[in-house]
Structure formats: structure tokens, C-alpha cells
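For reference, the structure discussed in these notes is given below.
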Amino acid sequence: MTKFDAHAHSNRSDGTDDPAAVIVQAKKAGLDAVALTDHDTFSGLEEAAAAAAQVGIELVPGAELSTRVRGRSLHLLVYYPDVTNPELLELLLRIRESRTERIKEMAARMSADFPGISWEALQQSATDGKPWGRPHLADALVQNGYINDRGEAFQRILHPTSPYYVLQWSPSPEEMVEAARRSGGVPVIAHPLSGWRGQVDRSTLTKMVDAGLFGLERDHREHDGKARAMIDELAAEFGLQVTGGSDFHGTGKPNRLAENLTSPLVLDLIKEQAGL
Ligand code: AMP
Ligand code: FE
Ligand code: FE
Ligand code: ZN
Numbered sequence: 113m114t115k116f117d118a119h120a121h122s123n124r125s126d127g128t129d130d131p132a133a134v135i136v137q138a139k140k141a142g143l144d145a146v147a148l149t150d151h152d153t154f155s156g157l158e159e160a161a162a163a164a165a166q167v168g169i170e171l172v173p174g175a176e177l178s179t180r181v182r183g184r185s186l187h188l189l190v191y192y193p194d195v196t197n198p199e200l201l202e203l204l205l206r207i208r209e210s211r212t213e214r215i216k217e218m219a220a221r222m223s224a225d226f227p228g229i230s231w232e233a234l235q236q237s238a239t240d241g242k243p244w245g246r247p248h249l250a251d252a253l254v255q256n257g258y259i260n261d262r263g264e265a266f267q268r269i270l271h272p273t274s275p276y277y278v279l280q281w282s283p284s285p286e287e288m289v290e291a292a293r294r295s296g297g298v299p300v301i302a303h304p305l306s307g308w309r310g311q312v313d314r315s316t317l318t319k320m321v322d323a324g325l326f327g328l329e330r331d332h333r334e335h336d337g338k339a340r341a342m343i344d345e346l347a348a349e350f351g352l353q354v355t356g357g358s359d360f361h362g363t364g365k366p367n368r369l370a371e372n373l374t375s376p377l378v379l380d381l382i383k384e385q386a387g388l
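This is how it looks when you write it as C-alpha cells:
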């Protein structure tokens, strides 16, 4: 039976390991297939594909796309998009530009209270066009000895209720579902019931389903049994598939590769919908 982990990040976004290193670890974790789903970029996929061919594991190319609804961030996983699709690339570029402006502003607000934090200091870990996120600020806080790990930063300093918090621009969820489908990709809501303000609301879900949503990520560390049962009910009601993934971020989060999986039948359906 194919062991498929449908959600993992590299250091091309906010994971801590090179794409090739993620692939090597996925193989070691006993996976047959793994999706690389970096935030708002496809830049790790080529390196990951080469590594996958070398170690003998299947790479499912993907990304985790930022969307925004009612001042809240909602993540959309996409599998097998055409990574040369101009519409999707333009959206990702706009999101990454907004991520940069947003982290610049957050760093500026933080520098009064945390003198080690500045946009200039962050540049030392930069690569061109990188999708900047709060985890990079968290790492800078750790490096400067203000806190012990990323998790601590998210509880307080980087929390959405913190005075340092700034929201980035992102397209609406239904716009992103449409763009994902037009690029040939298969869209799945990432961890739909996780997060500090709870859950995707029914009206948003309805719009996303109308736009061509494929599935809901059910099996995820941030979903308890009750959340998983609720997702099964929503999936049945809206005719959606359910997936699972680790949301691996290297040493940036406790999530381990293969801790949650997607069924091989659902992987087959994803491929079918992607025209493979
Ligand atoms: P941002 O993209 O700036 O909104 O930051 C969200 C990202 O932060 C998510 O993609 C997660 O990877 C990461 N994150 C959220 N909560 C935590 C946490 N408690 N510990 C470590 N990383 C986290
Ligand atoms: Fe992340
Ligand atoms: Fe996410
Ligand atoms: Zn993720």
C-alpha cells in the first residue's frame, strides 16, 4: 500500500531543510510518495524531483497557497499545478511581495522592543524572492536569545492579537481555487479546522466548492478527533475527498514526516483530476 504524505515544507518557504533533504528524510520515514507544498512558491520542486528520482520515492508537486477571508488567513494546498501558468505565477508573485512588505513592517514594529530584530538583519538568511513569513521572525527572535523556539514566538509575540502583527494581502479562497483549477491543479483546503479563530465558515466553503474544490485535509496534527469527525461530515455533505499530511517544517515544528497520510485511492483521484 502506497504511503503518501500530502503536506511538507522546505527552506524554500518556512521549513528548515533543503528540498532534497526533505525528500531523503521522507524516504527514511518509509514513505512511498510525498508532496512538497511550500508556501506560495514552486521554487523547490525541481530540486525535489531530482532528489526523488535518485532515492526512489514519488514526488507529488504542489504548493500551499495563501488566501484571505474576512481578515483571516486560509491555506489552500494544490497538487500538480502547471508551474508555468502565468495567472497562478502572477498571484504568487503578488502574495510574496505582500509577504515581504508585511514582514518588513512587523520587523520595524518589533525593533523598538527587540533591538536585535530588523529587516536588515533578516536579510542574512534571505534568498531572492523568498516567501517571507512569521517563522523567519521567530527564528531571528531565537537567534537573538529572546525566546527558545518558534512555538514560543507564535504564542505571544507573533500571535495575530499582538501589536506587532500585520496581515498580508492574499486573494479570496474562491479566486485561488479557480486559479488553481485553471492551472490544471487539484485544490484541497489545508487544516480547515485549525487555527486560533477556529474554522472555515460554511459560506466560504460553499463558494470554494462551487469554484472547484477537490478536498479537505482531515488528518493533521492540529485536528483532534472531533475536528476530524466534523470534516468527514462536511466532506460527505459537499461531496469532497479527505486527505492527510504531516505539515513537516524540519526542525521548525514538532511535526514528523509520515505522521499523517493520504489514502492511495485519493492519490489516484488527484492524479485523475490532474489529467495524469
Ligand atoms: P505566516 O505565513 O507569516 O502567516 O506564518 C504562518 C506559518 O507559521 C505557518 O505556515 C506555520 O508554518 C508557522 N507556524 C504557525 N504556528 C506555529 C507554531 N506554533 N510553531 C511553529 N511554526 C508555526
Ligand atoms: Fe508554514
Ligand atoms: Fe498551513
Ligand atoms: Zn503547511
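Taking our numbering, the leading residue of the sequence shown gets 113, the next gets one more, and so forth.
Built from N, CA and C at the ideal position, the CB exists for glycine as well.
Which listed residue (the options) has its alpha carbon closest to that of residue i
i, options, result
"S282", "K383, G357, T196 and S178", "S178"
"L171", "G183, V134 and I207", "V134"
"V254", "P243, V278, F226 and K242", "F226"
"E349", "G327, G245 and N256", "G327"
"D194", "L317, R293 and A162", "R293"
"I298", "A347, K139, Q353 and A252", "The sequence shown places Val at residue 298, rather than the Ile named in the question. It is Q353."
"A347", "N260, D130 and I301", "I301"
"R124", "I343, A175 and T318", "A175"
"A386", "R262, G296 and H248", "G296"
"R340", "A162, R208, E158 and Q311", "Q311"
"G263", "H248, R180 and W244", "H248"
"A163", "Y192, R214, N260 and D130", "D130"
"D261", "R246, S274, E213 and P272", "R246"
"E384", "L186, Y192 and I215", "Y192"
"I169", "T149, G142 and E158", "G142"
"I382", "N367, P366 and T355", "T355"
"G337", "E213, S306 and R206", "S306"
"I215", "A250, V190 and N197", "A250"
"G241", "R206, S315, E158 and T149", "R206"
"L317", "L148, L186, P366 and T149", "L186"
"I343", "D313, N367 and G324", "D313"
"L325", "M113, Q267, V190 and P272", "V190"
"S284", "P272, S315, L148 and S274", "S315"
Boundaries (first-last residue) of the beta strand (DSSP E) holding residue i
i, result
"P299", "V298 to I301"
"G263", "No beta strand (DSSP E) holds G263; the alpha helix (DSSP H) holding it covers R262 to Q267."
"E176", "E170 to V181"
"G356", "Q353 to G356"
"V146", "A145 to L148"
"R330", "G327 to D331"
Cβ distance (whole Å) where residue i is taken to contact residue j below 8 Å
i, j, result
"T153", "L204", "6 Å"
"E329", "P304", "7 Å"
"D103", "L377", "Absent from the structure is residue 103, since the part of the chain shown begins at 113 and ends at 388."
"A160", "A132", "7 Å"
"E286", "M320", "5 Å"
"E217", "V278", "5 Å"
"N256", "G228", "3 Å"
Under 8 Å between C-beta atoms of residue i and residue j
i, j, result
"G357", "H335", "no"
"G364", "G156", "no"
"E199", "A291", "yes"
"H121", "H361", "yes"
"A219", "S230", "yes"
"L373", "K115", "yes"
"A138", "L379", "no"
"A252", "L234", "yes"
"R208", "P173", "no"
"V136", "V181", "no"
"R184", "Q280", "no"
"Q201", "V289", "A quick correction: the sequence has Leu, not Gln, at residue 201. Going by C-beta atoms, L201 is not nearer than 8 Å to V289."
"R221", "Y276", "yes"
"H119", "D322", "no"
C-beta neighbour in chain C for residue i, strict 8 Å
i, result
"L279", "Absent from the structure is chain C; it holds one protein chain and no more."
Delimiting residues of the alpha helix (DSSP H) encompassing residue i
i, result
"R184", "Where R184 is concerned, there is no enclosing alpha helix (DSSP H), although the beta strand (DSSP E) it sits in stretches over R184 to Y191."
"A161", "L157 to V167"
"S238", "As written in the sequence, residue 238 is Ala, which differs from the Ser given in the question. Run containing A238: none; DSSP gives neither H nor E here."
"D344", "G337 to F350"
"V293", "For clarity, residue 293 is Arg in the given sequence; the question names Val instead. Counting along the chain, the alpha helix (DSSP H) containing R293 begins and ends at P285 to R294."
"A66", "In the structure as shown, the chain begins at 113 and stops at 388. Residue 66 is therefore absent and cannot be evaluated."
"Q280", "Careful: Q280 lies outside any alpha helix (DSSP H) and carries neither H nor E."
"I259", "From DSSP, I259 is part of no alpha helix (DSSP H); its letter is neither H nor E."
"D380", "P376 to Q385"
"M222", "P198 to S223"
"V321", "R314 to A323"
"L388", "First-last for L388: undefined, no H or E at that position."
"A110", "What is shown of the chain runs 113 to 388, which leaves residue 110 out entirely."
Kindly provide the chain-ordered list of residues whose Cβ lies closer than 5 Å to any non-hydrogen atom of ligand 4.
E176 and D359
So which residues touch the region around ligand 3, with touch meaning a C-beta under 5 Å from any heavy atom?
H187 and A302
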